[in-house]
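Protein chains: 2
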Amino acid sequence: MPLKYFIVHAHHEPASFNGAMTRRALADLTAAGHEVKVSDLYTMGFDPVSDRRNFTTVANPAFLKQQNEERHATEHNGFAPDIAAEMDKLAWCDVLVFQFPLWWFSIPAILKGWVDRVLAAGRIYGGGKWYSNGFGVGKRAMVSMTTGGPEAMYRQDCLEPPMETLLVPIEHGVFWFNGFSVLPAFIAWSAAHGTDADRHVTLDRYAAHLLAHTGTPGRPPLNLADYPPPNFARKTT
Amino acid sequence: MPLKYFIVHAHHEPASFNGAMTRRALADLTAAGHEVKVSDLYTMGFDPVSDRRNFTTVANPAFLKQQNEERHATEHNGFAPDIAAEMDKLAWCDVLVFQFPLWWFSIPAILKGWVDRVLAAGRIYGGGKWYSNGFGVGKRAMVSMTTGGPEAMYRQDCLEPPMETLLVPIEHGVFWFNGFSVLPAFIAWSAAHGTDADRHVTLDRYAAHLLAHTGTPGRPPLNLADYPPPNFARKTT
Chain A
112 MPLKYFIVHA HHEPASFNGA MTRRALADLT AAGHEVKVSD LYTMGFDPVS
162 DRRNFTTVAN PAFLKQQNEE RHATEHNGFA PDIAAEMDKL AWCDVLVFQF
212 PLWWFSIPAI LKGWVDRVLA AGRIYGGGKW YSNGFGVGKR AMVSMTTGGP
262 EAMYRQDCLE PPMETLLVPI EHGVFWFNGF SVLPAFIAWS AAHGTDADRH
312 VTLDRYAAHL LAHTGTPGRP PLNLADYPPP NFARKTT
Chain B
112 MPLKYFIVHA HHEPASFNGA MTRRALADLT AAGHEVKVSD LYTMGFDPVS
162 DRRNFTTVAN PAFLKQQNEE RHATEHNGFA PDIAAEMDKL AWCDVLVFQF
212 PLWWFSIPAI LKGWVDRVLA AGRIYGGGKW YSNGFGVGKR AMVSMTTGGP
262 EAMYRQDCLE PPMETLLVPI EHGVFWFNGF SVLPAFIAWS AAHGTDADRH
312 VTLDRYAAHL LAHTGTPGRP PLNLADYPPP NFARKTT
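Quick note, the sequences are listed as chains A and B, same order. Using the numbering used here, the letters of the first sequence correspond one by one to residues 112 to 348. Using the numbering used here, the letters of the second sequence correspond one by one to residues 112 to 348.
Below, the structure written as structure tokens:
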């Protein structure tokens, strides 16, 4: 079954390995019959700063409470065109892919700003819409990243923080929170330090990874029924 | 002994609780004889997008490899004025404070961009300069944040990711990596949902927290001698 992929791409150099990965994903997914949209944030000049610029409406001109303005904009069709366009792509897709280089053990600011601005209260989350009742239920999401260091440096009890910890704010905090099931991350370890032959192998592995997971369900978001209010601690039955 | 504090402040609403926290820190630390500089990123119009705009110099016009450009700029005094000014404040300070609202389980994009752009290879890290040999050795750093949810929601086995995990990319990945010792984080849980009286109590607690830790050493960065190359795994002796 043909799928709709939305790749949010966050690298400033088109000739980078990140650029090669997104071009490869576009080519191979399209060749396999899927549809792909790419938001190339640097090329678009995407503005990552979240404030009143997100809106064409104003709920309270005296005090900027972002979530209130987001809910107001949701009700009054008041999102700025750059944000509304990203929301439409998010609603359209079956699979969301974040493509980025790991900068300071997390996503680059331009991608963080996409998260801060596009994932707005009202339109995307809130009012009971989160995790197993989230916007992304029925959709899947995936990290595709490059790192500076080799895999061995991101393990438990190493100098650097472990990768499983670094993925939590993205895979749990962004994907699961919003209802997306999480496909296995693809990590191009130390991409800049290999040879061209190494990089061709990695590109082949990335294309194979994408195609291998067209039909896999991914890890579903936490089930709200297992985490009752008020404190949302896991039920011990 | 008087100390030099550098608060990097990342909130879009001056009348927010984050704003009140930074004003209180400025007032009480100054009253106690310390010096304080604040980079109020929204008010400054700080640009969080990292690319060639960071530099007045160019090492390679054909291919943007950020760390190479950073090392080149370090050697040729080639950082853009907005970045150079932040580097100078970082060098000046004894204690670095990140003041922010937790957005999507991490720092707002405008602060992530400060990290991405200011903490440049060559000038700040690299060439053996990291962790116990880092730029920040002898300095301390501290998180001061507000959250949307109450403390009970950020524990292990809750719906939301645990706070100790969310702090890793900042306290380990940014502070420790660059040699800073880490002071205990101050977390204003669910600041927006309390009463004015609650918020006054929290501001008093924040001021007391800052003053209680003027003389405490903090948790020192990992010792490079315990994590030998090539894989930097902890020695088991």
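Note that the Cβ used here is the ideal one computed from N, Cα and C, for glycine as well.
Between which two residues does the beta strand (DSSP E) containing residue 140 of chain A stretch?
First-last for residue 140 of chain A: 128-142, but that is the alpha helix (DSSP H), not the beta strand (DSSP E).
Can you find at least 3 beta carbon pairs, one from the segment 127-144 of chain A and one from the segment 154-173 of chain A, that sit closer than 8 Å?
no
Just tell me which of B/217, B/304, B/195 has its CA closest to the CA of residue 228 of chain B.
B/195
Locate the beta strand (DSSP E) running through residue 252 of chain B, then write down its first and last residues.
251-257
Contact list for the segment 200-228 of chain A against chain B, Cβ threshold 7 Å:
214, 215, 216, 217, 219, 220, 221, 223, 224, 226, 227
Does the CB of residue 331 of chain A have a neighbour CB from chain B at under 8 Å?
no
Using beta-carbon positions only, say whether residue 287 of chain A and residue 338 of chain A come within less than 8 Å of one another.
no
So for residue 292 of chain B, helix, strand or coil by DSSP?
strand
Note down, in chain order, every chain B residue with its Cβ under 9 Å from the Cβ of residue 124 of chain A.
162, 174, 175, 176, 177
Give the single residue among A/310, A/206, A/218 whose Cα lies nearest to the Cα of residue 251 of chain A.
A/206
Close beta carbons around residue 301 of chain A, own chain, < 7 Å, minus the five adjacent residues each side
258, 259, 260, 261
From the DSSP output, in three-state form, read off residue 218 of chain A for me.
coil
Closest residue to residue 156 of chain A among A/335, A/274, A/327, A/221 (Cα-Cα distance)
A/221
Am I right that residue 271 of chain A and residue 343 of chain B are in contact with their C-beta atoms under 8 Å? What's the rounded C-beta distance?
7 Å
Do residue 331 of chain B and residue 224 of chain B have their C-beta atoms within less than 8 Å of each other?
no
Please report the straight-line C-alpha distance between residue 352 of chain B and residue 214 of chain A, rounded to a whole angstrom.
For chain B, the structure presents residues 112 to 348; residue 352 of chain B sits outside this window and is missing.
Residue 277 of chain B versus chain A: which residues are under 9 Å apart at the beta carbon?
279, 280, 284
Interface partners of residue 184 of chain A on chain B, CB under 7 Å:
Correct list: empty, because the minimum Cβ distance to chain B is about 15 Å.
Length of the line joining the Cα atoms of residue 307 of chain B and residue 291 of chain A:
37 Å
Kindly confirm or deny that the segment 123-133 of chain B and the segment 177-188 of chain B touch, where touching means at least three C-beta pairs closer than 8 Å.
no
Enumerate in chain order the residues of its own chain whose CB-to-CB distance from residue 267 of chain B is below 6 Å, with the five nearest sequence positions on each side excluded.
273
Comparing C-alpha positions only, which one of B/297, B/327, B/174 sits nearest to residue 315 of chain B?
B/297
From the beta carbon of residue 342 of chain B, is the nearest beta carbon of chain A less than 8 Å away?
yes
Could you confirm whether any beta carbon from chain B is found closer than 8 Å to the beta carbon of residue 264 of chain A?
yes
First through last residue of the alpha helix (DSSP H) which encompasses residue 184 of chain B:
177-186
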